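J.: What follows is a structure written as structure tokens; I'll ask about it next.
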Amino acid sequence: MGHWLVIDLEATTDEGGWAMEEMEIIEIGASLVGADGHERDHFQRIIKPQRRPCLTDFCRELTHITQAEIDSAAALPQVWTQFERWLGQHAPRLAGWSSWGDYDRRQLEQEWRQHQLHSLLADVPHLNLKQAFAKARQLPRPVGLHSALQLAGMQFQGQQHRALEDARNTARLLPLVLPVKG
826 MGHWLVIDLE ATTDEGGWAM EEMEIIEIGA SLVGADGHER DHFQRIIKPQ
876 RRPCLTDFCR ELTHITQAEI DSAAALPQVW TQFERWLGQH APRLAGWSSW
926 GDYDRRQLEQ EWRQHQLHSL LADVPHLNLK QAFAKARQLP RPVGLHSALQ
976 LAGMQFQGQQ HRALEDARNT ARLLPLVLPV KG
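Here it is in structure tokens:
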């Protein structure tokens, strides 16, 4: 069985939220895991937004990403080149990629178009783990990541709203959804 890539993004926002078209990725976290949910490798970078390079107070408080970190970060095209180089070494064993919900996939696709970027992920199946978890647990509707972890008898580990830690927590739920082949 191949590896799965679990991605989580943090993006610019303000209290009450912004339309996805207004948001820009400010952090990517990716955890490469086996079907057993154990991490094999990871990738994490802060990304400097181009349209609104100053984070709102709400966004800084939510993510704990500082303005200084944003100011010293590279823009998405440079970070994406680094990500694709990292991903390329794992591509032969990549069974698919996943995120909690559909937001991360849609945000990535939007930014790939805006920046005219190509991604190996475009050719790999995406699993909406939020929907898959709800279906596997026969829930009346999908639940948030914290609730899903609690239903699985787990607690969130680390700092919420940080991309790599959110991705790692999401990855812990993969073995409960993917068929395990022994």
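Note that the sequence shown covers residues 826 to 1007 in the working numbering.
By construction, the Cβ of each residue, glycine as well, lies at the ideal position given by its N, Cα and C atoms.
Note that this is a predicted model, so its numbers are computed, not measured.
Following the continuous alpha helix (DSSP H) through A893, name the residue where it begins and the one where it ends.
T.: Q892 to D896
J.: Kindly list the residues whose CB is nearer than 6 Å to the CB of P902, restricted to its own chain and excluding five residues on each side of it in sequence; keep chain order.
T.: H940
J.: Assuming T766 contacts W925 (C-beta within less than 8 Å), just tell me the rounded distance between them.
T.: In the structure displayed, the chain extends from 826 to 1007; residue 766 sits before or after that span and is not available.
J.: Among the candidates Q956, G921, V968 and E936, whose CA atom is the shortest distance from the CA of V831?
T.: G921
J.: When the Cα atoms are used, what is the spatial distance from D927 to D882?
T.: 26 Å
J.: Identify, in the order they occur along the chain, each residue of the same chain with its Cβ nearer than 8 Å to the Cβ of Q875, setting aside the five sequence neighbours on each side.
T.: E849, A900 and L901
J.: So what's D927 in DSSP terms, helix, strand or just coil?
T.: coil
J.: What does the alpha-carbon distance come out to for the pair F958 and Q907?
T.: 31 Å
J.: Hey, could you find the ends of the alpha helix (DSSP H) R993 is sitting in?
T.: Per DSSP, R993 belongs to the alpha helix (DSSP H) from A988 to A996.
J.: Rounded to whole angstroms, what is the Cα-Cα separation between H804 and Q984?
T.: Any answer about residue 804 is impossible in this case: the structure gives the chain only from 826 up to 1007.
J.: On the three-state DSSP scale, how would you describe R966?
T.: coil
J.: Pick helix, strand or coil for E909, following the three-state DSSP scheme.
T.: helix
J.: In whole angstroms, what separates the C-alpha of V858 from that of E934?
T.: 22 Å
J.: For I851, which option in D861, R918, V1002 and C879 has the closest C-alpha, if you only look at C-alpha atoms?
T.: C879
J.: Apply the 10 Å Cβ neighbour rule to H971 and answer buried if 16 or more other Cβ atoms are within range, or exposed otherwise.
T.: exposed
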